[in-house]
Ligand code: CTP
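Numbering (the UniProt record's numbering), first residue to last: 1 to 395.
Shown next, in the form of structure tokens:
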């Protein structure tokens, strides 16, 4: 997702410097070009060789390295970078950057960077809370820096408080938010539903389905990466709430109906990717259902069709998209749902094709609108999400 992007990673002298290796590795896995510049102090904690092995690029430590011409090098790296990130960022380097001190390769290069700049502070809690440091952070914000909040926890010095370097995955999420996609959905409000719902039979048991929520989470995440303001209404899943998305957890279809309909009026697009349980027990038993009672018959009723309700109460200009999970007559049934539920698009999702369906990271779908039918080949759920959003935007 970061293919073709160049990231300048600045590493400074904090014990958290070792975590920068994990960040460099994550960036490489996302196919970014990574150039690392370390301060001399950082090189006390982790060796340049580690970064050279991970990035395939020379790791620069000192301005006065004699093996290359530094004046050219620092400007060249600054020009190439699509984003500069300092992780970990010490109080010392943040202070220098806030006041324009450029006395080593890292600070000199950052002075020459016009690209977006991000810092992930890491230090002792007392240092972080020091008003001088706080003033410097404020100054950096005014100069356009993005500053991540340090994590709270037990620090290397034994103190407990704010100062932990944010985890590499979180830093990656910030970088992707900045660079991964063009912001074609800026200014749009998008609501996505995901996951299964659980319909209680008694305090212990429930009816549900095999949905993992992966497709809906991919949609929410990609919509946010494309600049939309995203609300994710999610049934119970094992997935981590995506960054830069407002996640509303729900359990039963009734709660999902409530959560969606109270937010639906202000949405430009609504995408129902949730596998809402079709039935719920007419009455939830107060007692646990006795296993021994084999003659027990459950009275079931249909859950409210959220999508149908949304179709019947559509706001002017609002786009509504549903999913159709079918085992047979996929396209015909999907087209029927498109018409019956007054949708602008339906994503037909076969449960029979290899690489498609609930659990995996890939999907095979056909996008159906009133005018066309667009079969997509096997691709990751994230790529499917990008296609769905692009198609909706073009309508
Ligand atoms: N859906 C919904 N509320 C329900 C059931 C489904 O909003 N109570 C939505 C799903 O999120 C999906 C679309 O409707 O986007 C189609 O869901 P699906 O289960 O395939 O279709 P149903 O309309 O429930 O019909 P059937 O199960 O009979 O195929």
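All residues carry an ideal CB built from backbone N, CA and C; glycine is no exception.
Three-way DSSP call (helix, strand, coil) for residue 209 in this model: The count along the chain shown starts at 1 and reaches residue 209 at position 209. Residue state, collapsed to three classes: coil.
For the candidate residues 28, 219, 241, whose alpha-carbon lies nearest to that of residue 192? As a working mapping, residue 192 is identified with position 192 in the chain shown. The candidate whose alpha carbon is nearest that of residue 192 is 219.
Same chain, Cβ closer than 6 Å to residue 221, five either side skipped, listed in chain order: Numbered from its first residue, the chain shown carries residue 221 at position 221. Answer for residue 221: 242, listed in chain order.
Cβ of residue 102 within 8 Å of Cβ of residue 209? On the chain shown, position 102 is the one that residue 102 refers to. On the chain shown, position 209 is the one that residue 209 refers to. Going by C-beta atoms, residue 102 is not nearer than 8 Å to residue 209.
Whole-angstrom distance between residue 304 and residue 254, CA atom to CA atom: By 1-based counting over the chain shown, the position of residue 254 is 254. By 1-based counting over the chain shown, the position of residue 304 is 304. Their backbone Cα atoms lie some 7 Å apart in a straight line.
State the beta-bridge partners of residue 11 as determined by DSSP. In the chain shown, residue 11 corresponds to position 11, counting from 1. Paired residues: 38.
What's the C-alpha gap between residue 246 and residue 277? Taking the chain shown and counting its residues from 1, the one referred to as residue 246 is at position 246. Taking the chain shown and counting its residues from 1, the one referred to as residue 277 is at position 277. Taking the straight line joining both Cα atoms gives about 23 Å.
Take the Cβ of residue 50 as the centre, count every other Cβ of all protein chains shown within 10 Å, and call the residue buried at 16 or more, exposed below. By one-based count along the chain shown, residue 50 stands at place 50. Burial call: buried.
Does the distance from the C-beta atom of residue 75 to that of residue 38 stay below 8 Å? As a first step, residue 75 must be located in the chain shown, where it is residue number 75. As a first step, residue 38 must be located in the chain shown, where it is residue number 38. No; because the gap between Cβ atoms is not below 8 Å, this pair is not in contact.
Would you give the residue range spanned by the alpha helix (DSSP H) that residue 260 belongs to? On the chain shown, residue 260 is found 260 positions in, with the first residue counted as 1. Run containing residue 260: 253 to 261, per the alpha helix (DSSP H) assignment.
With a 10 Å radius around its C-beta and 16 neighbouring C-beta atoms as the bar for buried, classify residue 363 as buried or exposed. On the chain shown, position 363 is the one that residue 363 refers to. Buried, by the Cβ-count rule.
Does the Cβ of residue 24 lie closer than 7 Å to at least one heavy atom of ligand 3? In the structure shown, ligand 3 is absent; the only ligands present are ligand 1.
How close, in whole Å, do the beta carbons of residue 201 and residue 260 come, if the pair is a contact with beta carbons under 8 Å? Translated into the one-based positions of the chain shown, residue 201 becomes position 201. Translated into the one-based positions of the chain shown, residue 260 becomes position 260. Rounded, the Cβ-Cβ distance is 24 Å, inconsistent with contact.
Any heavy atom of ligand 1 closer than 7 Å to the beta-carbon of residue 351? As a working note, residue 351 is residue 351 in the chain shown. No, the Cβ of residue 351 stays beyond 7 Å of every heavy atom of ligand 1.
Anticipated Cβ contact below 8 Å, residue 380 with residue 352, distance rounded: Here the question's residue 380 lines up with position 380 in the chain shown. Here the question's residue 352 lines up with position 352 in the chain shown. About 20 Å; that fails the 8 Å criterion.
Less than 8 Å between the beta carbons of residue 235 and residue 196, yes or no? By one-based count along the chain shown, residue 235 stands at place 235. By one-based count along the chain shown, residue 196 stands at place 196. Against a cut-off of 8 Å, the Cβ pair of residue 196 and residue 235 comes out as a contact.
Going by beta-carbon coordinates alone, are residue 279 and residue 199 separated by less than 8 Å? For the purposes of this step, residue 279 is taken as the residue at position 279 of the chain shown. For the purposes of this step, residue 199 is taken as the residue at position 199 of the chain shown. For residue 279 and residue 199, yes; Cβs fall inside 8 Å.
With distances taken from CA atoms, which of 93, 55, 34 is nearest residue 42? Taking the first residue of the chain shown as 1, we reach residue 42 at position 42. Among 93, 55, 34, the Cα nearest to that of residue 42 belongs to 93.
Same chain, Cβ closer than 6 Å to residue 181, five either side skipped, listed in chain order: For the purposes of this step, residue 181 is identified with residue 181 of the chain shown, where counting begins at 1. So the list reads 225, 226, once near-sequence residues are dropped.
Could you tell me the boundaries of the beta strand (DSSP E) in which residue 117 lies? Residue mapping note: residue 117 aligns to position 117 of the chain shown, counting from 1. Residue 117 -> beta strand (DSSP E) spans 117 to 121.
Just confirm the distance between the C-beta atoms of residue 401 and residue 179, as a whole number of angstroms; I'd bet it's less than 8 Å. Since the first residue of the chain shown is 1 and the last is 395, residue 401 is not available in this structure.
Any heavy atom of ligand 1 closer than 7 Å to the CB of residue 337? As a position in the chain shown, residue 337 is number 337, starting the count at 1. Look at residue 337: its beta carbon is less than 7 Å from one of the heavy atoms in ligand 1.
Among 313, 91, 161, 308, which one has its Cα closest to the Cα of residue 265? Counting from 1 along the chain shown, the entry for residue 265 is found at position 265. It is 313.
Secondary structure of residue 70, DSSP reduced to three states: By 1-based counting over the chain shown, the position of residue 70 is 70. Since pLDDT at residue 70 reaches only 49, below the 50 mark, its modelled position is unreliable, and no value is offered.
Just to confirm, is the Cβ distance from residue 337 to residue 324 under 8 Å? Mapped onto the chain shown, residue 337 falls at position 337. Mapped onto the chain shown, residue 324 falls at position 324. The answer is yes: Cβ separation under 8 Å.
Is the beta carbon of residue 388 closer than 8 Å to that of residue 347? The residue you call residue 347 lines up with position 347 of the chain shown. The residue you call residue 388 lines up with position 388 of the chain shown. Yes, the Cβ-Cβ distance between residue 347 and residue 388 is below 8 Å.
Could you name the residues that DSSP lists as bridge partners for residue 128? For this step, residue 128 is matched to residue 128 along the chain shown. As computed with DSSP, residue 128 is found in no beta bridge at all.
Under the rule that 16 or more other beta-carbon atoms within 10 Å means buried, what is residue 396, buried or exposed? No answer is possible for residue 396: it lies beyond the span of the chain, which begins at 1 and ends at 395.
Heavy atom of ligand 1 within 7 Å of residue 358 beta-carbon: Taking the chain shown and counting its residues from 1, one reaches residue 358 at position 358. Checking every heavy atom of ligand 1 against the Cβ of residue 358, none is found closer than 7 Å.
If you follow the alpha helix (DSSP H) that residue 51 is part of, which residue opens it and which one closes it? Within the chain shown, residue 51 is the residue found at index 51, counting from 1. Segment 48 to 55, the alpha helix (DSSP H) holding residue 51.
Distance between beta carbons of residue 233 and residue 250, contact taken as under 8 Å: Mapped onto the chain shown, residue 250 falls at position 250. Mapped onto the chain shown, residue 233 falls at position 233. Rounded, the Cβ-Cβ distance is 6 Å, consistent with contact.
For the candidate residues 370, 9, 309, 366, whose alpha-carbon lies nearest to that of residue 172? By 1-based counting over the chain shown, the position of residue 172 is 172. Comparing Cα positions, the closest option is 9.
Tell me, to the nearest whole angstrom, how far the beta carbon of residue 45 is from that of residue 15; I am working on the premise that it is less than 8 Å. On the chain shown, residue 45 is found 45 positions in, with the first residue counted as 1. On the chain shown, residue 15 is found 15 positions in, with the first residue counted as 1. Indeed, because the Cβ distance is near 6 Å, the residues count as touching under 8 Å.
Assign residue 134 to buried or exposed, taking buried as 16 or more other Cβ atoms, counted over all protein chains shown, within 10 Å of its Cβ. Counting from 1 along the chain shown, the entry for residue 134 is found at position 134. That one is exposed.
Go through its chain and collect everything with a Cβ distance to residue 35's Cβ below 6 Å, but skip five positions before and after it. The residue given as residue 35 occupies position 35 in the chain shown. 8, 57, 77.
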